[in-house]
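Sequential numbering from 84 applies to the sequence shown in our numbering. For glycine and all other residues, C-beta sits at the position ideal for the given N, C-alpha and C. Reviewing the structure listed below.
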Amino acid sequence: MRRRAHIDLDTIRQTAASSSLPDCTADLRADAYGHGLLPVARALTDAGVGGFLVSRVEDAAALADEGLPVPVEIGTPVSGRTVRGPELFGLDPAHPSPPAMRLEGEVIAVKRVPADRGVSYGYTYRTSHPTTLVLVALGYADGILRVASNKAPVKVGDTTGRITGRIAMDQFVVDVGGDGPAPGDPVILFGDPELGEPTVLDWADALGVAAPVITSRLGRRIERTYTR
């Protein structure tokens, strides 16, 4: 079943290009904020970034094993250098830039239900009228924050709704009204606003959680794919 984070490396390179790259340190802590340390580091090295900031000694060793010929700092950036961090990935509302990640799940079940039907654990959501519910194959075991329950926007087909009821370990529900998606249809949690998709900044606003936290928490069951 589909659990994918599509990462556009060219978008990251283009965003980085607005700095003087040889004098720029790219903040790649927390696995490049969930985007993947090594693929992002390779792309930025090719673009001419002058150094990296990482979270752990193990991350620095991984970059060294790749033979990436750039200075690597651990934990705290050296003063005097320009540090580009979450804005490289479209995660900083103070420095707007295109999002680099598109998170996609899959409809695994569709059910028509009557009014006043409780949804998910604890029935924190009840349907107000007859409607269609879809079950999506992503949950908190994948790093989807449980605080997104009943809050976060998602796009199912042409309908933008929100996560409905509590997020479970491997799945969540969306009330899509009268629309009728089918099992196997894609569900976009966040992506490109130019395609009418919610963004990770929309999630940050809805949840009251910083966007880098949302992407950094995404788990290893989610397949990362890269567009160069």
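Local Cβ density within 10 Å of HIS118, reported as buried at 16 or more and exposed below that = buried
For the segment 195-214 against the segment 172-185, are there 3 or more C-beta pairs whose distance is under 8 Å?
-> no
First through last residue of the beta strand (DSSP E) which encompasses ARG85 | Careful: ARG85 lies outside any beta strand (DSSP E) and carries neither H nor E.
Determine contact between the segment 254-269 and the segment 228-241, defined as no fewer than three beta-carbon pairs at a distance below 8 Å.
-> yes
Delimiting residues of the beta strand (DSSP E) encompassing ILE95 | From DSSP, ILE95 is part of no beta strand (DSSP E) but of the alpha helix (DSSP H) over 92-99.
Could you spell out the range, first to last residue, of the beta strand (DSSP E) harbouring TYR309?
-> 306-310
May I ask you to list the residues that DSSP assigns as paired with PHE135?
-> ALA109, VAL155
Through-space distance from ALA115 to ARG125, alpha-carbon basis | 12 Å
Could you give the residue range of the beta strand (DSSP E) that holds VAL166?
-> 165-167
Going by DSSP, what residues sit across from ILE246 in a beta bridge?
-> VAL257
Would you mind working out which of VAL132, VAL155, GLY134 sits nearest ALA143, comparing C-alpha positions?
-> VAL155
Quick one: what's got a C-beta closer than 7 Å to PRO276's C-beta in the same chain, skipping five residues either side?
-> THR282
Using the C-alpha atoms, what's the distance from SER211 back to VAL219?
-> 21 Å
Name the one or two DSSP bridge partners that PHE273 has.
-> LEU186
Extent of the continuous beta strand (DSSP E) run through THR46 = This structure cannot settle anything about residue 46, because the visible part of the chain is limited to 84 through 311.
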